[in-house]
Amino acid sequence: MTADVISAYSIFFNPATASSATERQILTGMKILSMDRSFAYLSYVHPVKNNAVISGGILYSGTDEIEGRDKNGDMFETYSYNENMFYLNFGLKPKEYLSIGVTTKLIWARFPEFDTEGESVTSLTFAYDAGLNVFIPQYKSIVFGLTAKNVKGKNAWDSSKVWTDGSATTDYYPASYSLGVAWYPEFNREIAVYSDINSNEFDSYGYGFGIEWSKRYEEQNSAIALRLGTISGWLSAGFGYEFKLFDRKMIIDYSYTQEEISEFDPHSLSWRFFF
């Protein structure tokens, strides 16, 4: 997704791809996860003049029903943990062969209520993503993407306000880097091929590869897309359906991804509304 310039969802993976959006749209979605985890987001994308696009939104993730037990193993309480990310993105295409972008992120994290009065420990932090896309003039069907994410991110915890003998600590987010390429074959515009390689602090590495086939039906004002790929060896598959409702274009997407440790694999549902 680092080099994808078709879908506005790629803003989450590469801030520079925002400059490719040509329509105002609202993006929203959620993941169905195991182990009492939750994930949801809401975003707005607004193209402005001169190949520039502004977007903003909120992402929520958390875990509920964390069991608190005493020394005998008896449960006496349940806790929750969540993180909320508010972001503002700006993408620009200053040259025909180059687009750049940056996403600023304000992240608020809340630790469970461990004391008898229900007080919690929180952290408010700033981080940013930066990225670019490179278009080869001689080969317009190929796009390269490069990103750095979660730069300067950290959680600063201070439990002295909750416990008398509390302490302060800081957890730094590992910066992640991605290099990707997208290929939109000129001989078949219904096919798109994507590949990524990524790393956290250049210590661990992962990869992604995917193929999308799409078909547009102009008479019905609709389109379908089928997707298949892998994320570091784990299967990923999904589909998309574009249609019109009350003369407004909408797209519904679904994806399935294998996960190594969970009761069941994640399912993602998303919806795009254009206006």
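For the sequence shown, the numbering used here begins at 994 and goes up steadily by one.
All residues carry an ideal CB built from backbone N, CA and C; glycine is no exception.
Model, not experiment: these values are computed from the prediction.
Sufficient close CB pairs (3 or more, under 8 Å) joining the stretch 1199-1206 to the stretch 1171-1186: yes
Alpha carbon to alpha carbon, how far is Ser-1073 from Tyr-1187? Give it in angstroms, no decimals. 37 Å
Using the Cα positions of Leu-1085 and Val-998, report the straight-line distance between them to the nearest angstrom. 13 Å
Can you tell me whether Leu-1238 is buried or exposed? The criterion is at least 16 other CB atoms within 10 Å of its CB, across all chains shown. exposed
On a Cα-Cα basis, can you pick out the residue from Asp-1057, Thr-1096, Ile-1019 and Glu-1016 that is closest to Pro-1008? Thr-1096
Since Tyr-1166 contacts Ala-1123 with CB under 8 Å, what's their CB separation in whole angstroms? So it is not a contact: roughly 15 Å between Cβ atoms.
By how many angstroms is the C-alpha of Ile-1217 removed from the C-alpha of Glu-1183? 10 Å
Give the secondary structure of Pro-1087 by DSSP, where H, G and I count as helix, E and B as strand, and everything else as coil. strand
Val-1041 classed as buried or exposed, judged by whether at least 16 other C-beta atoms fall within 10 angstroms: exposed
Quick check: Leu-1020 and Ser-1263, are their CB atoms within less than 8 Å of each other? yes
Flag this pair as yes or no: are the beta carbons of Glu-1076 and Ala-1102 separated by less than 8 Å? yes
In the DSSP assignment, what are the bridge partners of Asp-997? In the DSSP output, where bridge partners are listed per residue, Asp-997 has none listed.
Ser-1192 to Ala-1141 span [Cα, whole Å]: 10 Å
Distance between Thr-1162 and Tyr-1128 (C-alpha atoms, nearest Å): The amino acid occupying residue 1128 in the given sequence is Phe; Tyr does not appear at that position. Distance between the alpha carbons of Phe-1128 and Thr-1162: 44 Å.
Between Leu-1228 and the rest of its own chain, which residues show a CB-CB distance below 7 Å, the 5 nearest in sequence each way excluded? Gln-1251
Spell out the partners DSSP gives Gly-1066 in its beta bridges. In the DSSP output, where bridge partners are listed per residue, Gly-1066 has none listed.
CB of Ala-996 within 8 Å of CB of Ile-1004, strictly: no
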